[in-house]
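K.L.:
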Amino acid sequence: MSIAHGIRTLGVLGAGQMGTGIALVSALRAKVPVLLHDRSPEQLTKGLALVDKLLAKDVNKGRLTNEQAKEARDRLMIVGKEEGLKGLRDVDMVVEAVSENLTLKRNIFKNLAAELRPDAILATNTSSISITKIAAAAVPDGVSAASEEGKKSASRVVGLHFFNPVPVMKLVEIISALQTSEETLNRARAFASACGKEVTTSKDVPGFVSNALLMPFINEAIMHLEKGIATREDIDTTLKLGMNHPMGPLQLADFIGLDTCLAIQQTLYEGTRDSKYRPSVLLERMVDAQWYGRKNGKGFYEYPSE
Ligand code: 3HC
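Using the numbering used here, read the sequence shown as starting at 22 and increasing by one per residue.
See below:
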């Protein structure tokens, strides 16, 4: 018998590419009402415009009726800066999808633990940061993490790692923190399945399974470029056509975002102290130059119109 996820309303924190995608698949596939929160009104407007565009494309391609698209869109509501996290106080689960910054995430989870119901699941879409560290912050002020109350509060934190573009990619990687309860894990898994995703699970190691394997591959490709072994096109074409990858590794790095790739690689390197994860100097310099890839028009390639 399948386990019920029990999510009647979902909160999503962060209306960037990932948060918007998570909000869309939750409203469309899992059919749950979604409160999408971002402090930036521009980001919320951009996120909703992307949702409208993707739903309209599905209608045009005959994959959704107008009515189904409208129903999904109606399930999406926004929560702005004024309401803040208080606007999410009644949700059954929240998925945090803000930028890869431990201090920021810890602050958010401390506030979520204070604002949300004690049985609400607190999920993070982090790409590599320790779920255990994030869970340790999800304890109300004045409560010890080692007390029964502290352990219970942290036991509802879980990693729910979606892939970009969320509506297209079939996987969700689920990561248990040291504190995560079996019930949290099972409900998170049931929810990801309801979103139409295949689920894999990983222990809470730096980068989990996905990025611990992907990032050295991307970094090695950048080092090949740095050493002048081949051009960017030849590196990407070799992997695309020789190994049937949908994108070459440099294209993929641009797609993920070079700042995100560097942040993940730094987490891997610091978390394992293993030199195989040391980010390439070229990647560091490109991020120093604020060349972040597709998101701002310049990475290993140029994206003039995006
Ligand atoms: N949002 C939503 N949908 C998108 C999209 C986006 N940003 N970009 C493309 N799509 C959709 C298109 O609309 C199209 O949908 P359709 O079939 O309904 O028409 C479909 O994807 C295919 O797009 P295109 O025909 O334009 O282009 P491609 O065939 O080249 O596919 C791609 C684009 C799906 C992005 C493909 O190149 C791909 O799979 N690339 C690899 C992506 C990948 O590896 N992602 C994981 C990154 S790692 C990660 O996210 C983890 C994190 O922790 C770093």
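Backbone N, C-alpha and C define an ideal beta-carbon position, used for all residues, glycine too.
Every value quoted in this text rests on a predicted model; they were computed, and no experiment measured them.
(1) Could you name the residues that DSSP lists as bridge partners for Met98?
(2) With a floor of 4 residues, list each alpha helix (DSSP H) that falls wholly inside the stretch 188-239, ordered by position along the chain.
(3) Drop a sphere of 10 angstroms on the beta-carbon of Phe229, count the other beta-carbons inside from all chains shown, and report buried for 16 or more, exposed for fewer.
(4) Is Thr252 buried or exposed, if buried means 16 or more other CB atoms sit within 10 Å of its CB?
(5) Taking the alpha-carbon positions, what's the Ser326 to Lys172 distance?
(6) Determine the DSSP secondary structure at Ile250, reduced to helix, strand or coil.
(7) Between the beta-carbon of Ala51 and the beta-carbon of Leu97, is there less than 8 angstroms?
(8) Around the C-beta of Glu241, are 16 or more other C-beta atoms found within 10 angstroms, so that it is buried, or is it exposed?
(9) Looking only at C-alpha atoms, which of Ser197, Asp257, Pro186 sits nearest to Lys218?
(10) Run the proximity test for Thr258: is its beta-carbon closer than 7 angstroms to any non-hydrogen atom belonging to the ligand NAP?
(11) Taking 8 angstroms as the cut-off, decide whether the C-beta atoms of Asn232 and Ile150 are in contact.
(12) Tell me whether Glu118 sits in a helix, a strand or coil according to DSSP, three-state version.
(13) Tell me the DSSP secondary structure of His245 in three-state form.
(14) Using 8 angstroms as the threshold, is the C-beta distance between Val179 and Thr205 below it?
(15) Give me the DSSP bridge partner(s) of Lys319.
(16) Just tell me which of Asn146, Glu169, Leu137, Phe130 has its CA closest to the CA of Ile155.
(17) Looking only at C-alpha atoms, which of Asp255, Gly263, Leu271, Glu203 sits nearest to Leu235?
(18) Do Val112 and Asn146 have their C-beta atoms closer together than 8 angstroms?
(19) In whole angstroms, give me the CA-to-CA distance for Ile28 and Leu49.
(20) When a residue counts only if its C-beta is closer than 5 angstroms to some heavy atom of the ligand 3HC, which residues count, in chain order?
(21) Let's test the definition: count the other Cβ atoms within 10 Å of the Cβ of Gly35 and tell me whether it reaches 16, buried, or not, exposed.
(22) So, for Arg20: in the same chain, excluding its five sequence neighbours on each side, which residues have a beta-carbon less than 6 angstroms away from its beta-carbon?
(23) Between the Cα of Arg210 and those of Met114, Lys107, Leu69, spot the shortest distance and give me the residue it belongs to.
(24) Please work out which residues of its chain come closer than 8 angstroms, Cβ to Cβ, to Glu121, disregarding the five sequence neighbours upstream and downstream, and give them in chain order.
(25) Run through the stretch 264-294 for me and flag every whole alpha helix (DSSP H) of 4 or more residues, listed as ranges in chain order.
(26) Counting only the same chain and skipping the five closest in sequence on each side, list residues whose C-beta sits under 6 angstroms from that of Gly292.
P.N.:
So, from the data block:
(1) Answer by DSSP bridge pairing, in chain order: Leu56.
(2) Correct list: 203-215.
(3) Flag for Phe229 reads buried.
(4) Burial state of Thr252 is exposed, judged by a 10 Å Cβ sphere holding fewer than 16 other Cβ atoms.
(5) If you take the alpha carbons of Ser326 and Lys172, they lie about 49 angstroms apart.
(6) Three-state result, Ile250: coil.
(7) Not in contact: Ala51 and Leu97 (Cβ atoms no closer than 8 angstroms).
(8) With fewer than 16 Cβ atoms within 10 Å of its Cβ, Glu241 is classed as exposed.
(9) Taking the Cα of Lys218 as reference, the smallest distance to any Cα among Ser197, Asp257, Pro186 is reached at Pro186.
(10) Ligands present in the displayed structure are limited to the ligand 3HC, and the ligand NAP is not among them.
(11) For the pair Asn232 and Ile150, the CB atoms are not nearer than the 8 angstroms cut-off.
(12) At residue 118 the sequence reads Ala, which differs from the Glu that was named. Three-state DSSP puts Ala118 in coil, outside helix and strand.
(13) Note: His245 maps to helix in three-state DSSP.
(14) The answer is yes: Cβ separation under 8 angstroms.
(15) In the DSSP output, where bridge partners are listed per residue, Lys319 has Gly314, Glu323.
(16) Nearest to Ile155 by C-alpha distance, out of Asn146, Glu169, Leu137, Phe130, is Phe130.
(17) Checked all of Asp255, Gly263, Leu271, Glu203; the closest Cα to Leu235 is Leu271.
(18) No.
(19) Answer to the nearest angstrom: the Cα atoms are 14 angstroms apart.
(20) Going along the chain, the residues that qualify are Ser148, Phe184, Asn185, Pro186, Pro188, Val189, Pro267, Met268, Ile277.
(21) Classification of Gly35: buried, given that the 10 Å Cβ count is 16 or more.
(22) Look at the range of the chain in this structure, 22 to 327, and you will see that residue 20 is not part of it.
(23) Of the listed residues, the one whose Cα sits closest to Arg210 is Met114.
(24) Within the same chain, Cβ atoms closer than 8 angstroms to the Cβ of Glu121 are found at Thr147, Ser148, Ser149, Ile150, Thr281, Ala284, Ile285, Thr288, the five residues on either side in sequence being excluded.
(25) List check, alpha helix (DSSP H) in window: 270-277, 279-293.
(26) Hits under 6 angstroms: Pro227.
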